[in-house]
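Those letters in the sequence shown? Residues 1 to 223, by full-length UniProt numbering.
C-beta: ideal position from N, C-alpha, C; glycine also.
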Amino acid sequence: MKNPKRFETREGDLRADLRRRIISLELPPGTALSRQQLQEQYALSSTPIRDALLQLQEEGLVAVQPQSRTCVTLIDGEQARQAHFLRSTIEREIATCLAHSAGPELHTTLDRLVRLQEDVATQDLDLFAQLDHDFHQELFIAAGLEHVHDAIRRESIHIDRIRALHLPMGDKTARILDDHRRIAGALRAGSAEQAGAAMAQHLSQSIGMAAKLRKLHPDYFLA
1 MKNPKRFETR EGDLRADLRR RIISLELPPG TALSRQQLQE QYALSSTPIR
51 DALLQLQEEG LVAVQPQSRT CVTLIDGEQA RQAHFLRSTI EREIATCLAH
101 SAGPELHTTL DRLVRLQEDV ATQDLDLFAQ LDHDFHQELF IAAGLEHVHD
151 AIRRESIHID RIRALHLPMG DKTARILDDH RRIAGALRAG SAEQAGAAMA
201 QHLSQSIGMA AKLRKLHPDY FLA
């Protein structure tokens, strides 16, 4: 692990923080994880470190080899493609349904999140990405599908890392903002067709860049 630093993290937050660091590519694919170094960084004993790594292994984010080494897994392009299909199908349907049923509270929330993203787009990509996540989560909540959202998040680790690679490139943040405005506008207008189409277009961008990203970062992807 490069540039080790100390983290103020409670034992219960350890897995979540390591997951965040892997998804955001702070810990890139292929990174070797030293348990001793993690213990020092998080000021925790070996047991919670071991347990957190085993949980992350179950998610497919790390590969644990007993008595050998632990490393961040490479990005699986095929799993990313399948996760994108699942997410795109469900979120397009959610957007279509919410166009007929969304109340003013959702419109207000989405507008607020877009404004917050506008404020940080050129300053804090990590916060921008979190607000992007929040925007989509609010749609699941409004549709009463929180458990579906959780299931999709578990299946989206590879597409999430592809998106993290894509986010700093070119006008990606501007395009996300434009897409969010279109989705929110279509929902406010009650146009199911426009809302579904805007969502499908929005979710297609990063997976469409996967081949190019693989060429730029071949060491990050499974062969």
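Looking only at R81, Q82 and G60, the smallest Cα-Cα distance to L74 is reached by G60. Across the set A211, I162 and R112, the C-alpha of R112 shows the shortest separation from the C-alpha of L177. Between P29 and Y220, the beta carbon gap of about 4 Å places them in contact (Cβ cut-off 8 Å).
As DSSP reads the structure, F221 sits in a beta bridge with I75. In the structure shown, T173 falls within a helical segment according to DSSP collapsed to helix, strand and coil. For A129, the enclosing alpha helix (DSSP H) has its first and last residue at L125 to A142.
If you look at A102, you'll find it isn't in any alpha helix (DSSP H); DSSP assigns it neither H nor E. Per DSSP, the beta bridge partners of A32 are C71. Close CB contacts of A174 within its chain, under the 8 Å cut and outside five residues either way in sequence, are with A121 (chain order). E146 is positioned such that its CB atom lies no closer than 8 Å to that of L110. Sequence-distant Cβ neighbours of G190 in its own chain, meaning closer than 7 Å and more than five residues away, are A99 and H100. CA-to-CA, the gap between Q39 and A32 works out to about 14 Å.
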